[in-house]
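Q: Starting off with a structure, shown below.
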Amino acid sequence: MATPGRVHPLENPPSFTFPKAEQKSDSASDDQDQDTSPFLSGQLSASPVPNETYIIQIPKEQILRQPPPEHAHRAKVYARRPLRRRAVRRCCCSLIASLICLLIAVGAAAGIFYLIIRPKAPSYSLSSVNMTGLDPVLTSASTPLSPNVEATIEANNKNKHLSILYQSGGTVDLYFEDTKLCSGDWPKFRQGPKNNTALQVQMTGSGILMTANTRDSLVNDQKNQSVPLVMHAKVPVKIKYGPVTTWKITAKVKCNIVVDGIAGEMTVLKKDCSAKSNYLW
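Positions 1 to 281 (UniProt numbering) are the ones given, in order, by the sequence shown.
Given below as structure tokens:
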């Protein structure tokens, strides 16, 4: 099929002229003109017509040619790219599915373990308190206080199969209203199943200042022999069941007590303790 295009003549086409006939006599030339003139007789001259040269320009988009070999290599590379992307997608999907299955399995195992063992929160009680260093508050509110407290705390593990491992780093604080009087460390020990342990906790404070309102409240409570105190404890523990031991869990203990004084061996009139954690109880 012929390709459409445009034909352009040369910028300087060669010029030519028809050959002239030899001059003869007027009569002879008239007769010869009548016989041999191509314009009169309709016959072309016997002299050859010189050839002309033309340039044909075809639009570039209509040129059909074979692409170079490197184009075929590029085409193969581009064709392989979707396959690689699919492989990466499959790998990522498989990994995510495996992680989801693992999380489901761990959650199911933890749920079954919890339903079988049914861990119970340990109970605590503040059985005795011995305090010194609060006497100056009875005479002046501007005097810095250095209270010392020795408390006996009873920890009761109610679980039949679980041991509680109390870790180091536990703290105990004693408050009167919003004023922290003293603080100490919770002892590190292991408590077996169905065990009740009495702990001796030492708490100290220094440079404690009270506001006038707090001092007045403490003096009035001392006169009435009913002084409310609050103990806060944060204890890192681990739960052990056979060969399995959990990670560290922070147990928070709060005890509201009422004692009959602020000096010497005090009698605990009321006590209400609770414990909680974010995972087990």
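Beta carbons are placed, not taken as given, at the ideal position from N, Cα and C, and that holds for glycine.
Quick caveat, the model's predicted, so the values are computed rather than measured.
Measuring only the C-alpha atoms, how far is L162 from P193?
A: 5 Å
Q: Which one of I112, L95, P144 and K276 has the shortest CA to CA distance from D135?
A: P144
Q: Using C-beta distances below 8 Å, list every residue in its chain close to S142, excluding the 5 sequence neighbours before and after it, in chain order.
A: L209
Q: Which first and last residues belong to the alpha helix (DSSP H) in which S217 is found?
A: A212 to N224
Q: Among residues of its own chain, excluding the 5 on either side of D178, which ones have a beta-carbon nearer than 8 Å to its beta-carbon?
A: T214
Q: Evaluate the contact criterion for the stretch 89 to 99 versus the stretch 213 to 228: three or more CB pairs, one atom per stretch, below 8 Å.
A: no
Q: Can P228 be considered in contact with the ligand PLP, in the sense that its beta carbon sits closer than 7 Å to one or more heavy atoms?
A: Questions concerning the ligand PLP fall outside what the structure shown contains, since it holds no ligand whatsoever.
Q: Does DSSP put L229 in a helix, a strand or coil?
A: Looking at L229 - three-state DSSP - the assignment turns out to be strand.
Q: What does the alpha-carbon distance come out to for the pair C182 and A251?
A: So the two alpha carbons sit approximately 20 Å from each other.
Q: Exposed or buried, C101, counting other C-beta atoms within 10 Å across all chains shown (16 or more means buried)?
A: exposed
Q: Would Y124 pass as a contact of V237 if the rule is Cβ separation under 8 Å?
A: Between Y124 and V237, the C-beta gap is not smaller than 8 Å, which leaves the two residues out of contact.
Q: Give me the DSSP bridge partner(s) of R190.
A: Listed as beta-bridge partners of R190 by DSSP are L165.
Q: Residues in its own chain within less than 6 Å of Q191 by CB, not counting five upstream and five downstream?
A: N157, I164 and T197
Q: Rounded to the nearest angstrom, what separates I249 and Q167 at their Cα positions?
A: 10 Å
Q: Whose CA, out of F113, I104, V259 and S146, lies closest to the CA of M203?
A: S146
Q: Mind checking which residues open and close the beta strand (DSSP E) that includes N159?
A: Element bounds for N159: n/a, residue is neither H nor E.
Q: Can you give me the start and stop residues for the beta strand (DSSP E) that G242 sits inside?
A: For G242, there is no enclosing beta strand (DSSP E), as DSSP gives it neither H nor E.
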